[in-house]
Structure formats: structure tokens, C-alpha cells
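> This structure is in C-alpha cells; I'll ask about it shortly.
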Amino acid sequence: MEIKDFVKKRKEELKEEISKINKTISFLIIQVNDDEASNAYVKGKIKDASEVGINAILKRYPTSITEEELLKEIDKTNNDQNIYGIIVQMPLPKHIDEKKVSLAISIKKDIDGFHPMSLFTPCTPKGIISYLDEENFNYDSKNALVIGRSHIVGRPIAELLLNRNCNVTITHSHTKSDDLRRYVKNADLIVVAIGKTYFLDKTYEYKNDAYIIDVGINRTGDGLKGDCKPSLPVKLQTPVPKGVGLLTRLSLIENILEAYKYGI
615 MEIKDFVKKR KEELKEEISK INKTISFLII QVNDDEASNA YVKGKIKDAS
665 EVGINAILKR YPTSITEEEL LKEIDKTNND QNIYGIIVQM PLPKHIDEKK
715 VSLAISIKKD IDGFHPMSLF TPCTPKGIIS YLDEENFNYD SKNALVIGRS
765 HIVGRPIAEL LLNRNCNVTI THSHTKSDDL RRYVKNADLI VVAIGKTYFL
815 DKTYEYKNDA YIIDVGINRT GDGLKGDCKP SLPVKLQTPV PKGVGLLTRL
865 SLIENILEAY KYGI
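Just so we're aligned, residue 615 is where the sequence shown starts under our numbering, counting upward by one.
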């Protein structure tokens, strides 16, 4: 099933479930920038929420807001029983510590899943697993290669795959080229999340039945491009755009619903 069709199906299921809840489920988006990409992401999140019957509240603050003032706003929302989730849209102004802000969000409302003690799975890894489940991917004893070691995608997806009994290898900027090519050649599943346009191409050798999950979103003069060149010789390769980004947004909605259930 194409990702767009899977997301549409899940949204209908979520909409039906939410329609039976006799209470408004609200979450807050805090934005302290006027970044073009951030504006697009925020618009998409609000649209997704509206489609399934969730109330998204956007609060924009001037970039002159101090770190202390922003932390106070987060603390206030942590204690607001009518708000079930909090998102702080990145990036933040340089004078504000992004890590400190992420840690300030209640673990019961951290629907992005960025807090190390968060009750929620980070959205991108969660969306990837949901889609692989839909595709009936057999994890057991499969060789999974994760290219990238970020705390947002690489490390959490590696842990989720390990929990499903995959043999997991994580590569990164210090991995030798020959080693990487060997890992790619033997991988049943490849998750690429490094932000380098067309990093994987046809110069690599792949298993014919391999799955490639392309997390890359690289803005170029020709539009959005992934970390993988399109049409690689594998069984399944997710597109960019309209691929993992849709899964990430879907998982955010699922996390908001989970947050509501935690708050009951």
C-alpha cells in the first residue's frame, strides 16, 4: 500500500475513534521563529489535527522572548488540564537552549517524544514501524541497517527494530566507505536519515527484496529530495516527498490521542 493511502486509512480510523469522545482534545504548538519550513510544518500539523477532530492551538512568540519567559509558558501549559500535548517547533532563537526547552515539557505531554523519559515514541520512528507493519515486513532475524545516529530518528528506530528481533547495525559519518557498502549489500531493511541528497544511489549493491525507508528531506533548487536516489533496485522504497513525512505527522496525531488517554 502506498504511504498516502495508508495514512488516509489510519486518519479515518482515528477520526471515528475521536468522534466517540465527548470532550475536545486540544494540544499546543509553540512557535518562536518565522522560518519558512517551520511555517509549512505547523500548517500541516494543524490541518492533520482538524481532519480527525483534534483542536490545535498555535501560539507564536517574538524571537526576542527570553529563555526564562518561554520556560514559564511551558510550565503553565504543563499544568493546564485542558491541553493534552505540547510541541515546541524548532528551530529556536540562538539565545534559547533547545535541549533545556525539550526537557521542560511534561513527559505526559511530550507528544514529539524528545524527552528521554517521554511516555511517547518519537513520531518518525513510530510512523516507520507502523508502515512496515502494514506492509507485513518480517522483522525476525532480518539485517536492518540504520544510516544516521540522531536521537530523533537513528537511535530510536534502531531500538524499535532491535525489540522486534532484527540484527541492527548503525552507521554514521565515521563509518568507512567499504564497510558501509558491505552493510548495504547485506541489508534486508535500510533506514536512511542523514540529510544528504541522494547519498544512496545505484553505485551500491542491494538485495532485490530489500526495503528502503528514506527519511531525508533536503531542500534543493529542484524541490524536496531524499537521501536516496529514486527507483533503486529493491522491493520497496519510500518516496520523498509524500513519504516518511506523512507517517511522522500521522504518528503525532496518534500520540496526541495517547496523551488524552493518559490524562483521563
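Positions of the beta carbon are idealized from the N, C-alpha and C atoms, including for glycine.
What runs of the beta strand (DSSP E), each 3 residues or longer, lie entirely inside the segment 825-850?
The qualifying runs are 825-828, 832-834 and 837-839.
> With a threshold of 8 Å, are at least 3 pairs of Cβ atoms found where one atom belongs to the segment 649-666 and the other to the segment 691-699?
No: fewer than three Cβ pairs fall under 8 Å.
> Given a cut-off of 7 Å, decide if residue 677 and residue 705 are closer than it, judged by their beta-carbon atoms.
Along the sequence shown, one-based indexing puts residue 705 at 91. Along the sequence shown, one-based indexing puts residue 677 at 63. Cβ atoms of residue 705 and residue 677: not closer than 7 Å.
> Can you tell me the Cα-Cα spacing of residue 860 and residue 657, whole angstroms?
If you number the sequence shown from 1, residue 860 lands on position 246. If you number the sequence shown from 1, residue 657 lands on position 43. C-alpha separation (whole angstroms): 13 Å.
> Under the three-state reduction of DSSP, which class applies to residue 783: helix, strand or coil?
Locating residue 783 in the sequence shown gives position 169, counting from the first residue. Reduced to three states, the DSSP call for residue 783 is strand.
> In three-state terms, what does DSSP make of residue 774?
As a position in the sequence shown, residue 774 is number 160, starting the count at 1. In this structure, residue 774 counts as helix in the three-state DSSP scheme.
> Bridge partners for residue 734 per DSSP, in chain order?
Position 120 of the sequence shown, counted from the start, is the residue given in the question as residue 734. According to DSSP, which records beta bridges pairwise, residue 734 is partnered with nothing at all.
> Could you tell me whether the segment 858-875 touches the segment 729-743, where touching means 3 or more Cβ pairs closer than 8 Å?
Output reads yes: the segment 729-743 touches the segment 858-875.
> Whether or not the segment 834-851 and the segment 798-817 are in contact is what I'm after, with contact meaning three or more pairs of Cβ atoms, one per stretch, closer than 8 Å; do they touch?
Cβ pair count under 8 Å is three or more, so yes.
> What are the boundary residues of the alpha helix (DSSP H) that includes residue 887?
Outside the displayed range of the chain (615 to 878) lies residue 887, so it cannot be described from this structure.
> When you compare the CB positions of residue 826 and residue 808, do they come within less than 7 Å of one another, or not?
In the sequence shown, the residue the question calls residue 826 occupies position 212. In the sequence shown, the residue the question calls residue 808 occupies position 194. No, Cβ-Cβ distance for residue 826 and residue 808 is not below 7 Å.
> Roughly how many whole angstroms lie between the Cα atoms of residue 768 and residue 871?
Walking along the sequence shown from the start, residue 768 turns up at place 154. Walking along the sequence shown from the start, residue 871 turns up at place 257. C-alpha separation (whole angstroms): 25 Å.
> Taking only the alpha-carbon atoms, compute the straight-line gap between residue 589 and residue 823 and give it to the nearest angstrom.
The structure shown does not extend to residue 589, since the chain spans only 615 to 878, so no value can be given for it.
> Using beta-carbon positions only, say whether residue 725 and residue 760 come within less than 7 Å of one another.
Residue numbering aside, residue 725 sits at position 111 when the sequence shown is read from its first letter. Residue numbering aside, residue 760 sits at position 146 when the sequence shown is read from its first letter. Not a contact, by the Cβ cut-off of 7 Å.
> Please tell me whether residue 811 and residue 856 are closer than 7 Å, where the distance is taken between their beta carbons.
Translated into the one-based positions of the sequence shown, residue 811 becomes position 197. Translated into the one-based positions of the sequence shown, residue 856 becomes position 242. Contact flag unset, no.
> Look at the Cβ atom of residue 766, then the Cβ atom of residue 736, and state whether they are nearer than 7 Å.
In the sequence shown, residue 766 corresponds to position 152, counting from 1. In the sequence shown, residue 736 corresponds to position 122, counting from 1. In contact: residue 766 and residue 736 (Cβ atoms closer than 7 Å).
> From the DSSP output, read off the bridge partner residues of residue 642.
Residue mapping note: residue 642 aligns to position 28 of the sequence shown, counting from 1. BP columns for residue 642 point to 671 and 700.
> Between which residues of its own chain and residue 728 is the CB-CB distance below 6 Å, once the five residues before and five after are set aside?
By 1-based counting over the sequence shown, the position of residue 728 is 114. Closer than 6 Å at Cβ, skipping near neighbours: 716.
> Can you find the residues in the same chain that come closer than 6 Å, C-beta to C-beta, to residue 790, ignoring five residues on each side of it along the sequence?
Position 176 of the sequence shown, counted from the first residue, corresponds to residue 790. Taken in chain order, the list of residues that qualify is empty.
> My understanding is that residue 828 touches residue 858, with C-beta atoms under 8 Å, so please give their C-beta distance in whole angstroms.
Numbered from its first residue, the sequence shown carries residue 828 at position 214. Numbered from its first residue, the sequence shown carries residue 858 at position 244. With a Cβ gap of about 7 Å, residue 828 and residue 858 count as contacting.
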